[in-house]
């Protein structure tokens, strides 16, 4: 595997389900990000982990719970979601401490909440 | 606070025509600027970036962008469009000097290329 991978690629869940999204980066980076991409809206930064510590939480509802067990893996735990949470969830990684370094994105998980 | 404005949610060109996608930003400090491309059912891929130095930046697939501080712009161009360029393009700005790079994205411009 190379780059940033995300599983599953597609997920359909009911409002009472609990599921998790997984992201893995194979680039040796030390920062990881979760974004939400909805139609006709800019990408929304949800969470940032730097050196496995959460450094940003952009007023995301508690039904989204991130976890970063090590610098290569990032999870997004989902529970009691709402239909408006249906979106493409993108994971990204970058190398902290290097100015102007770009983020590398995974292919995303397309989430549908029924 | 930083912000990015991309004029035109859709741009249509003919194959072989000039591509021009507009991006204006606001930033209180010298910015880092990025263009990303997203093909259907894929994540974002970096096209090019400006950090410091030369204001004309060349990227992949024949794209380039020019940083114009006086106009707070970072427009993306390509001399001759190809059918494979049809995708969504995102401009982003970062003020991150150290630590993680917090990117602020524009709303995107969908490029349509007709034969």
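Chains as they are written, first to last, in my numbering: chain A, 433 to 546; chain B, 643 to 757. A virtual CB, placed ideally from N, CA and C, is assigned to each residue, including glycine.
Does any residue of chain A bring its CB to less than 8 Å from the CB of residue i?
| i | result |
| --- | --- |
| residue 693/B | yes |
| residue 641/B | Since the displayed chain B opens at 643 and closes at 757, residue 641/B lies outside it and no answer follows. |
| residue 709/B | no |
| residue 634/B | Residue 634/B lies beyond the range of chain B shown here (643 to 757); nothing can be said about it. |
| residue 667/B | no |
| residue 744/B | yes |
| residue 688/B | yes |
| residue 674/B | yes |
| residue 685/B | yes |
For the beta strand (DSSP E) containing residue i, name the first residue and the last one.
| i | result |
| --- | --- |
| residue 459/A | No beta strand (DSSP E) contains residue 459/A, which DSSP labels as neither H nor E. |
| residue 681/B | From DSSP, residue 681/B is part of no beta strand (DSSP E); its letter is neither H nor E. |
| residue 706/B | 706–710 |
| residue 544/A | 541–545 |
| residue 729/B | 729–736 |
| residue 715/B | 715–720 |
| residue 752/B | 751–756 |
| residue 480/A | 476–482 |
| residue 519/A | 519–526 |
| residue 486/A | 485–489 |
Which residue's Cα is closest to the Cα of residue i: the options?
| i | options | result |
| --- | --- | --- |
| residue 670/B | 719/B, 711/B, 662/B, 722/B | 711/B |
| residue 443/A | 532/A, 510/A, 526/A, 534/A | 510/A |
| residue 467/A | 473/A, 459/A, 523/A | 523/A |
| residue 721/B | 677/B, 664/B, 706/B | 706/B |
| residue 653/B | 736/B, 714/B, 713/B, 665/B | 665/B |
| residue 518/A | 528/A, 471/A, 538/A | 471/A |
| residue 450/A | 514/A, 540/A, 530/A | 514/A |
| residue 445/A | 529/A, 462/A, 538/A, 516/A | 516/A |
| residue 770/B | 682/B, 749/B, 703/B, 674/B | An answer regarding residue 770/B cannot be provided, because it is not within the stretch 643 to 757 covered by chain B. |
| residue 673/B | 695/B, 682/B, 679/B | 695/B |
| residue 483/A | 497/A, 462/A, 469/A | 462/A |
| residue 699/B | 718/B, 687/B, 713/B | 718/B |
| residue 643/B | 756/B, 726/B, 755/B, 736/B | 736/B |
Is the CB of residue i under 8 Å away from at least one CB in chain B?
| i | result |
| --- | --- |
| residue 535/A | yes |
| residue 539/A | yes |
| residue 459/A | no |
| residue 522/A | yes |
| residue 446/A | no |
Relative to the ligand NAP, is the shortest distance from any of its heavy atoms to the C-beta of residue i smaller than 7 Å?
| i | result |
| --- | --- |
| residue 537/A | Ligands in the displayed structure: none, and consequently the ligand NAP is not present. |
Taking residue i as the query, report the chain E residues whose CB atoms sit under 8 Å from its CB, ordered along the chain.
| i | result |
| --- | --- |
| residue 747/B | The question asks about chain E, but that chain is absent: this structure's protein chains are A and B. |
Check whether the Cβ atoms of residue i and residue j sit closer than 8 Å, and answer yes or no.
| i | j | result |
| --- | --- | --- |
| residue 734/B | residue 747/B | yes |
| residue 525/A | residue 534/A | no |
| residue 731/B | residue 709/B | no |
| residue 745/B | residue 661/B | no |
| residue 488/A | residue 479/A | yes |
| residue 751/B | residue 648/B | yes |
| residue 677/B | residue 701/B | yes |
| residue 541/A | residue 441/A | yes |
(request) Report yes or no: do the segment 647–660 of chain B and the segment 493–508 of chain A share at least 3 C-beta pairs separated by less than 8 Å? (result) The segment 647–660 of chain B vs the segment 493–508 of chain A: no contact.
(message) Under 8 Å: do the segment 452–465 of chain A and the segment 498–509 of chain A share three or more Cβ pairs, one atom per stretch?
(response) Counting Cβ pairs under 8 Å, three or more are found: they touch.
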